[in-house]
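> Pasting a structure below so you can have a look.
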Amino acid sequence: MILAIETSCDDTCAAVVTPEGELLSNRVASQALLHARYGGVVPEVASRGHLEAIDAVTADALEEAGVSLAEVDRVAVTRGPGLIGALLVGLSSAKALAAARAIPLVPVDHLHGHVVANTLGPDPIEAPYICLVASGGHTFLARVDDPASYVVLGETIDDAAGEAFDKGARLLGLPYPGGPELDRLARSGDPAAFDFPRSAPRRGEGRDLDFSFSGLKTSLLYRIKDLGEEESERRRADLAASYQEAIVDALARRVKQSLEREGLERVAIGGGVAANSLLRERMHELCGTLGVRLWVPPRELCTDNAAMIGAAARFTPALPFPDYLDLDAAARL
Ligand code: KG4
Ligand code: ZN
Numbered sequence: 484m485i486l487a488i489e490t491s492c493d494d495t496c497a498a499v500v501t502p503e504g505e506l507l508s509n510r511v512a513s514q515a516l517l518h519a520r521y522g523g524v525v526p527e528v529a530s531r532g533h534l535e536a537i538d539a540v541t542a543d544a545l546e547e548a549g550v551s552l553a554e555v556d557r558v559a560v561t562r563g564p565g566l567i568g569a570l571l572v573g574l575s576s577a578k579a580l581a582a583a584r585a586i587p588l589v590p591v592d593h594l595h596g597h598v599v600a601n602t603l604g605p606d607p608i609e610a611p612y613i614c615l616v617a618s619g620g621h622t623f624l625a626r627v628d629d630p631a632s633y634v635v636l637g638e639t640i641d642d643a644a645g646e647a648f649d650k651g652a653r654l655l656g657l658p659y660p661g662g663p664e665l666d667r668l669a670r671s672g673d674p675a676a677f678d679f680p681r682s683a684p685r686r687g688e689g690r691d692l693d694f695s696f697s698g699l700k701t702s703l704l705y706r707i708k709d710l711g712e713e714e715s716e717r718r719r720a721d722l723a724a725s726y727q728e729a730i731v732d733a734l735a736r737r738v739k740q741s742l743e744r745e746g747l748e749r750v751a752i753g754g755g756v757a758a759n760s761l762l763r764e765r766m767h768e769l770c771g772t773l774g775v776r777l778w779v780p781p782r783e784l785c786t787d788n789a790a791m792i793g794a795a796a797r798f799t800p801a802l803p804f805p806d807y808l809d810l811d812a813a814a815r816l
């Protein structure tokens, strides 16, 4: 049994996964309310939050799985990238759990977790495939030929897609975290009401699958200023829908380009933004048209979770006891 722990940002997560990829439990203690008053994740607050929650979340994951610590033969943990203090809490806890029983530890790349989240469950995706990962911290397209690794085909050159959602939501006066709120508000708006710029990545050899979202947020800021307070309040849903349309269009376009360029017939989406209802809809349409099979994970496997860390651990070499005792967390890998 693999016990997996993830604390790279503001969610304290633990899960139990079998070596065959069956998901036995997946627990998340969200700190969203702790950070809401600051309008974003405060690293020090996140570390303290993890410290308080980690033992209970781990115990809950084991209990839900019906697995005792004695049955765990590997502890998987996110080593990075993420907030260094937050990562350290998960890593220290994982080391302690593993070292106490002298079992191996598997240090996992958080992004690898997002990329292979769809290898879990009753209908696992098989390589080769393309995966779009769009979260609050990262946005990239990966090609997976073997689930043990991935090749980045394109990535954002500035803001992540989730960051674009969150910053846009903030400009529209929505509470943090703004992505899901903007998604909800956009449902009653007209996506063609405003014309927002599509991402214009840097030019250059082989960089045509990159993303750029920072211009979009500036454009929303100016549109709100031009409309004035009263009018932009009245047209909030239209602004949200048009803004969301621009982000989703940029993401879906790159997915289409990458599938055509790489000639692959399987695609997965992951990261918090994969929970966006318009992106899900657009991806279904696109894949239907191209005759490509799409994997969209359930929401709890899209946002940060430890199940995906357990999934990646199946394809990552384990460090035997006591080799991992001096292993460090890494803000960047
Ligand atoms: O993967 P995740 O939980 O954490 C990171 O690793 O960043 O992603 C969180 C991001 C946030 O920016 C959040 O606003 C966004 O995913 N998000 C959404 C939706 N649900 C979460 N963005 C748009 N629409 C949603 N429904
Ligand atoms: Zn993530």
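Per this note's numbering, residue 484 is the first one in the sequence shown, and the count goes up by one each step.
Idealized CB from N, CA, C, for every residue including glycine.
1. Please report the straight-line C-alpha distance between residue 657 and residue 716, rounded to a whole angstrom.
2. Quick one: give me the first and last residue of the beta strand (DSSP E) that residue 567 is part of.
3. Of the choices 640, 799, 664 and 554, whose alpha-carbon is the least far from that of residue 650?
4. Roughly how far, in whole angstroms, is the beta-carbon of residue 750 from the beta-carbon of residue 738, given that I think they are within contact range, below 8 Å?
5. Mapping DSSP to helix, strand and coil, what is residue 489?
6. Here's the rule I'm using: 16 or more other beta-carbon atoms within 10 Å means buried, otherwise exposed. How should residue 670 be labelled?
7. What are the start and end residues of each continuous alpha helix (DSSP H) run of 4 or more residues lying completely inside the region 726-806, in chain order?
8. If we count the other Cβ atoms within 10 Å of its Cβ and call it buried at 16 or more, is residue 558 buried or exposed?
9. Check whether the region 702-713 touches the region 625-644, counting contact only when three or more Cβ pairs, one atom from each stretch, lie closer than 8 Å.
10. Among 511, 523 and 807, whose alpha-carbon lies nearest the alpha-carbon of residue 537?
11. Would the C-beta of residue 754 count as close to the ligand ZN, meaning under 8 Å from any of its heavy atoms?
12. Looking at the structure shown, is residue 640 part of a helix, part of a strand, or coil, going by DSSP?
13. Under 8 Å by Cβ, that's how I've got residue 636 and residue 741 pegged, so tell me the actual separation to the nearest angstrom.
14. Cβ of residue 694 versus every heavy atom of the ligand KG4: is any distance shorter than 8 Å?
15. Taking the alpha helix (DSSP H) that residue 612 belongs to, which residues open and close that run?
16. If you draw a straight line from the C-alpha of residue 793 to the C-alpha of residue 735, how long is it?
17. Under the three-state reduction of DSSP, which class applies to residue 523: helix, strand or coil?
18. Is residue 660 buried or exposed, if buried means 16 or more other CB atoms sit within 10 Å of its CB?
19. Identify the continuous alpha helix (DSSP H) that holds residue 668 and give its terminal residues.
20. Can you give the Cα-Cα distance for residue 568 and residue 492, rounded to whole angstroms?
21. Using only CA atoms, which one of 514, 619, 547 and 528 lies nearest to residue 500?
22. Residue 772: buried (16+ other C-beta within 10 angstroms of its C-beta) or exposed?
23. With DSSP collapsed to three states, give me the class of residue 816.
24. Whose CB is closer than 5 Å to a heavy atom of the ligand ZN? List the residues in chain order.
25. Let's test the definition: count the other Cβ atoms within 10 Å of the Cβ of residue 800 and tell me whether it reaches 16, buried, or not, exposed.
26. Residue 508 bridges to which residues according to DSSP?
27. Given residue 615, which residues of its chain have a CB within under 6 Å of its CB, disregarding the five upstream and five downstream residues?
28. When you measure from the CB of residue 817 to every non-hydrogen atom of the ligand KG4, does any distance come out below 8 Å?
29. With a Cβ-Cβ cutoff of 9 Å, do residue 653 and residue 816 count as a contact?
Taking the definition as stated:
1. Roughly 11 Å between the two C-alpha positions.
2. Segment 567-584 is the alpha helix (DSSP H) holding residue 567; no beta strand (DSSP E) there.
3. Ranking the options by Cα distance to residue 650, first place goes to 664.
4. The C-beta distance from residue 750 to residue 738 rounds to 6 Å, short enough to fall under 8 Å.
5. DSSP places residue 489 in the strand class (E or B) of the three-state scheme.
6. Residue environment analysis places residue 670 among the exposed positions, since fewer than 16 neighbouring C-beta atoms fall within 10 angstroms of its C-beta.
7. Listed in chain order, the complete alpha helix (DSSP H) runs (minimum 4 residues) inside the region 726-806 are 760-773, 782-785 and 790-796.
8. Buried, since its Cβ has 16 or more Cβ neighbours within 10 Å.
9. These segments do not touch.
10. Cα-wise, what sits closest to residue 537 is 511.
11. Yes, the ligand ZN has a heavy atom inside 8 Å of this Cβ.
12. Here residue 640 carries a coil assignment [DSSP, helix/strand/coil].
13. Distance from residue 636 to residue 741 at the Cβ level is roughly 5 Å; contact confirmed, criterion being Cβ atoms closer than 8 Å.
14. Residue 694: no, Cβ never under 8 Å from the ligand KG4.
15. Note, residue 612: premise wrong, no alpha helix (DSSP H); beta strand (DSSP E) at 612-617.
16. Roughly 28 Å between the two C-alpha positions.
17. Under the three-state reduction of DSSP output, residue 523 falls in the coil class, being neither helix nor strand.
18. For residue 660, the number of other beta carbons within 10 angstroms of its own is at least 16, and it is reported as buried.
19. Note, residue 668: alpha helix (DSSP H), 661-669.
20. One C-alpha to the other measures close to 9 Å.
21. The residue with the shortest Cα to Cα distance from residue 500 is 547.
22. That one is exposed.
23. Three-state DSSP puts residue 816 in coil, outside helix and strand.
24. Counting only residues whose CB is nearer than 5 Å to a non-hydrogen atom of the ligand ZN, the list in chain order is 618 and 787.
25. Exposed, by the Cβ-count rule.
26. DSSP output for residue 508 lists 499 as bridge partner(s).
27. Once the five neighbours on either side are set aside, the close Cβ partners of residue 615 are 624, 738 and 752.
28. Outside the shown range of the chain, which is 484 to 816, sits residue 817, and nothing can be said about it.
29. Going by beta carbons, residue 653 and residue 816 fall outside the 9 Å limit.
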